[in-house]
Each structure stands twice: as C-alpha cells, then as structure tokens.
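**Q** Here the sequence shown is numbered in my numbering, starting from 1 and rising by one per residue.
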Amino acid sequence: MKIGVLALHGAFIEHIHLLESIGIEAVKIRLPEDLDGVSGLIIPGGESTTMRKLTARWGMREPILGLAAKGAPILGTCAGMIVVASEIADGDEPVFPMIDVTVRRNAFGRQLDSFETELSMPVVGDTPIHAIFIRAPIIERVGPGVETLASLPDGRVVAVRQRNVIAISFHPELAGETRIHRLIATMAADFSEPGEGTVVARTEPGIRRDASPGASRGRSE
Ligand code: GLN
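Here it is, written out as structure tokens:
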C-alpha cells in the first residue's frame, strides 16, 4: 500500500518522512500518472494560491478529484485544507472542492501569525495533539454531513471530516504527531483491500459493491 503526497510545492518532504517513520511507503505526486496505484493522498501546507496555479498547470485537478470520488482517503493540512474546501471566504474559487466547508485563509491575522497549542481530537485518542498553526486557515461553516474533529477553546473549528476526506488547519508533520497519518493509513488500507463484511457492507446492505470497491464506498458512507 502506498500513500501519495502532493509534491509540487510546500511542506511535502515532512509528510513523506513522517509516513516512512511509521512504515508506510510514500510517493511524491507531481503528475497525474504518479497517482496510479496510490491508496490515499496527503495535500501539504504551503501557499494555496501557488498550489492552485501549479495543479492547474500540471493537469492535476481532475485526477485528484477522481481519486477522492473513488473513496481514497485524502488529508489536507493548512493550505491543503484550503484547496479541498468547497468554499473559500472572500471570493476565491475553490480548487479541488471535496469537503462541504467554508474556510477563511490567514484567519489569525498578523498579530498571531503562528502559534502552538494542545488540541483535543478524540478521533485519534485521549492524549491531546500538539498543534502548530502557521498562517493558518479556520473553518467558518461546517456543512451537513461534515463532522467536526477538533475546535479551539473559543469554538473555532480547525479539523473536519466528510466521508474519506479529512481537513486540518495545523501541521502534525512538524510536531512529530503520527496519529492522524496512522488514521489515514488505516483508511487507505481499508480502501485498497476492503474485506468481506466491512462496516459498510454490514450496515448498508443495499449498496452495490462492484469491481471498484472504493467507488461505491465513497458515495455511500
Ligand atoms: N496562509 C497559507 C495560505 O493561505 C497557508 C499557510 C500554511 O499552509 N502553513 O495558503
């Protein structure tokens, strides 16, 4: 099983090292064909405007949306969260809309460009996450069907999941925090080799499971 890391720009090397440190094969994704055979994708932090330009230039938009639609897990961190959002506040067009949230870029302003805090994120366990925020976005609107995974003490939402897509405002790869990557790896393993009697098959018996298992799961969960 291999997990791709979008490697056109930004903090991709840290994600690759983190995946390798937990025994997962990581692949740099720069061209559409690099996605062949990957079971998940991480979209790193950086500048979302640069990512928008580079992914358009290299024809990456449709292939990435296609991978998400098949049900492969996608993790967007910081700028990666901005590019997977269905809406960007203040009028920028979405880049690869795949999670129904509105994000605001650089939401903490100049006074508080970057900060670190302990964040409760029950989906990865009881021990809080050491979350590093760098010119980070926040989520201003959480659509129906989107689960909030973590919020700041003042209630601002900083981590969400909709089906196979997880978006977080902060940088686990800079804190040596492996649990979110482990979660993606578990989802990727399930995507690449869904066993008989998986949760979806048990709870949604009406869903047709055809030769492309991810496709039906992605739409049905
Ligand atoms: N401020 C950046 C943007 O708007 C995101 C910063 C980051 O990824 N660390 O794209």
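The beta carbon of each residue, even a glycine, is placed where N, CA and C say it ideally should be.
If contact is defined by three or more beta carbon pairs under 8 Å, each pair taking one atom from either stretch, is the region 71 to 90 in contact with the region 99 to 111?
**A** Enough Cβ pairs lie closer than 8 Å, so yes.
**Q** Give a single yes or no on whether ILE74 has its beta carbon closer than 7 Å to a heavy atom of ligand 1.
**A** Because no heavy atom of ligand 1 lies under 7 Å away, the Cβ of ILE74 does not count as near it: no.
**Q** Should GLU173 be counted as a contact of ligand 1 given a C-beta to heavy atom distance under 7 Å?
**A** Result no, Cβ not under 7 Å from ligand 1.
**Q** Report the rounded CA-to-CA distance for ARG156 versus LEU19, giving the unit in angstroms.
**A** The alpha-carbon atoms of ARG156 and LEU19 are separated by roughly 28 Å.
**Q** Throw me the rounded Cβ distance for the LEU75 and ILE138 pair, which I believe falls under 8 Å.
**A** The pair is not a contact, with the Cβ atoms about 17 Å apart (cut-off 8 Å).
**Q** Residues in the same chain with beta-carbon distance under 6 Å from GLY40, minus the five sequence neighbours each way, listed in chain order, please.
**A** Result list for GLY40: ILE3, ALA72, PRO73, ILE184 and ALA188, in chain order.
**Q** Around the C-beta of ASN164, are 16 or more other C-beta atoms found within 10 angstroms, so that it is buried, or is it exposed?
**A** ASN164 is buried by the Cβ-count criterion.
**Q** If you draw a straight line from the C-alpha of PHE170 to the C-alpha of LYS28, how long is it?
**A** Cα to Cα, the separation comes out at about 21 Å.
**Q** Just to confirm my understanding: we take HIS130, look at its own chain, exclude 5 residues before and 5 after, and list those with CB closer than 7 Å. What are they?
**A** The answer, listed in chain order, is GLU116, GLU118, ALA175 and GLU177.
**Q** Can you determine whether any heavy atom of ligand 1 sits closer than 7 Å to the C-beta of ASN164, and answer yes or no?
**A** No.
**Q** Across which residues does DSSP place ALA85 in a beta bridge pair?
**A** Paired residues: ILE99.
**Q** Ignore the nearest five residues each way along the sequence and tell me which others in PRO94's own chain have a CB closer than 7 Å to its CB.
**A** ALA85, SER86, GLU87 and ILE88.
**Q** Quick check on VAL123: buried or exposed, where buried means 16 or more other Cβ atoms within 10 Å of its Cβ?
**A** Exposed, since its Cβ has fewer than 16 Cβ neighbours within 10 Å.
**Q** What residue range does the alpha helix (DSSP H) around PHE12 cover?
**A** Where PHE12 is concerned, the enclosing alpha helix (DSSP H) stretches over 12 to 21.
**Q** Would you check whether ligand 1 has a heavy atom nearer than 7 Å to the C-beta of THR117?
**A** No, since every heavy atom of ligand 1 falls outside the 7 Å radius drawn around the Cβ of THR117.
**Q** The beta strand (DSSP E) spanning ALA185 covers which residue range?
**A** Not the beta strand (DSSP E): ALA185 falls in the alpha helix (DSSP H), residues 179 to 192.
**Q** I think GLU14 touches GLU173, with their Cβ atoms under 8 Å apart; what is that distance to the nearest whole Å?
**A** Going by Cβ atoms, the distance from GLU14 to GLU173 rounds to 4 Å, so yes, they are a contact pair.
**Q** Identify every residue that forms a DSSP beta bridge with THR117.
**A** In DSSP, THR117 forms a bridge with ALA131.
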